[in-house]
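Heads up: the sequence shown begins at 39 in the working numbering, then just goes up one per residue. Note that CB positions come from ideal geometry on N, CA and C, so glycine has one too. Owing to the predicted nature of the structure, the values given are computational and were not obtained by experimental measurement. Only one structure is covered here, and it is reproduced in the block below.
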Amino acid sequence: MKVNIEEKKNKLYAIYDQYEKDVAEFKRSSACVIGCADCCIDVGKIEITTLEGIIIRDNIITFEEPLRSEIRERLEKNRVEIEQKKLVRCVFLKEDKTCLIYHIRPFSCRQLYSVKRCDGSAPAMHRQAVEIARQTVRAIQKLDSNGYSGHISHILYLLDNRNFRRSYLHGHFEPQKIASFGKSHKIMINRFIST
Ligand code: SF4
Numbered sequence: 039m040k041v042n043i044e045e046k047k048n049k050l051y052a053i054y055d056q057y058e059k060d061v062a063e064f065k066r067s068s069a070c071v072i073g074c075a076d077c078c079i080d081v082g083k084i085e086i087t088t089l090e091g092i093i094i095r096d097n098i099i100t101f102e103e104p105l106r107s108e109i110r111e112r113l114e115k116n117r118v119e120i121e122q123k124k125l126v127r128c129v130f131l132k133e134d135k136t137c138l139i140y141h142i143r144p145f146s147c148r149q150l151y152s153v154k155r156c157d158g159s160a161p162a163m164h165r166q167a168v169e170i171a172r173q174t175v176r177a178i179q180k181l182d183s184n185g186y187s188g189h190i191s192h193i194l195y196l197l198d199n200r201n202f203r204r205s206y207l208h209g210h211f212e213p214q215k216i217a218s219f220g221k222s223h224k225i226m227i228n229r230f231i232s233t
């Protein structure tokens, strides 16, 4: 049965909104400012679900050339560098250190804030907010129940495969078809992630 992707997207946006409400009190003491992009540079993990990947992929398709090709090249470079265990700059970070896809950025980015300037160190978040974020990730994975989670460049790579994309959008659950890629690229099967 074909997945009602629009309905799932709306549920995802509702989860994002709920998270913002739940952590609003904590984020009030955030030191984050526009143009500070420490969490987008030299990051090892920008993990997304396939559902978030579909939204980002659909957005990339709307980019004018040469930007669209540049993003594709940067994603390819990201994939190679991650395999070399390098920390990478997010492909969507603009020269002015703002985000090209801010309105549809994945939860991996939304969850982050810091009560002090990071200056190369990890963000300092309230413990309660970290726990709410953990539960939110689980809710998103549960919503994307026939999908996967992994590095943004790997999930977008999977979604570029027409057969994979069609199978996913039709609601099929066929983890055996990506078993080899999944194992070597640390792709998680959402349905099998425990709470
Ligand atoms: S998607 Fe946007 S907010 Fe997230 S890491 Fe990339 S540039 Fe930063």
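Just to check, is the beta-carbon of residue i closer than 6 Å to a non-hydrogen atom of ligand 1?
| i | result |
| --- | --- |
| PHE101 | no |
| PHE130 | yes |
| ILE79 | no |
| CYS74 | no |
| ILE84 | yes |
| CYS70 | no |
Closest by CA to residue i, which one among the options?
| i | options | result |
| --- | --- | --- |
| ILE72 | ILE193, LEU131, GLY188 | LEU131 |
| ASP134 | ASN97, ILE178, ILE79, ILE120 | ILE79 |
| LEU89 | GLU58, GLN166, SER222, PHE202 | PHE202 |
| HIS189 | VAL126, GLU111, TYR51, SER67 | VAL126 |
| MET226 | ARG66, GLY185, ARG106, ILE142 | GLY185 |
| GLN166 | THR87, VAL81, THR174 | THR174 |
| SER67 | LYS83, PHE101, HIS164, ARG148 | HIS164 |
Looking only at its own chain, which residues have a Cβ that is under 7 Å from the Cβ of residue i, when we skip the five neighbours before and after it?
| i | result |
| --- | --- |
| ARG200 | none |
| ARG95 | LEU194, LEU197 |
| LYS221 | none |
| ARG143 | CYS137 |
| ILE93 | LYS47, ILE142 |
Going by beta-carbon coordinates alone, are residue i and residue j separated by less than 7 Å?
| i | j | result |
| --- | --- | --- |
| ILE53 | ALA177 | yes |
| LEU194 | GLY91 | yes |
| CYS77 | LEU150 | yes |
| LEU113 | SER191 | yes |
| VAL81 | GLY209 | no |
| ILE120 | ILE109 | no |
If contacts are defined as beta-carbon pairs under 8 Å, then residue i and residue j qualify, I think. What distance do you get, rounded to the angstrom?
| i | j | result |
| --- | --- | --- |
| ALA69 | LYS154 | 5 Å |
Using 7 Å as the limit for Cβ to Cβ distance, is residue i near chain D?
| i | result |
| --- | --- |
| LEU125 | Absence of chain D from the displayed structure is noted, only one protein chain being present. |
With a threshold of 6 Å on Cβ separation, who are the neighbours of residue i within its own chain once the five nearest residues in sequence on each side are excluded?
| i | result |
| --- | --- |
| PRO161 | LEU150, SER152 |
Does at least one heavy atom of ligand 3 sit under 6 Å from the Cβ of residue i?
| i | result |
| --- | --- |
| ARG110 | Looking for ligand 3 in the displayed structure turns up nothing; the ligands present are ligand 1. |
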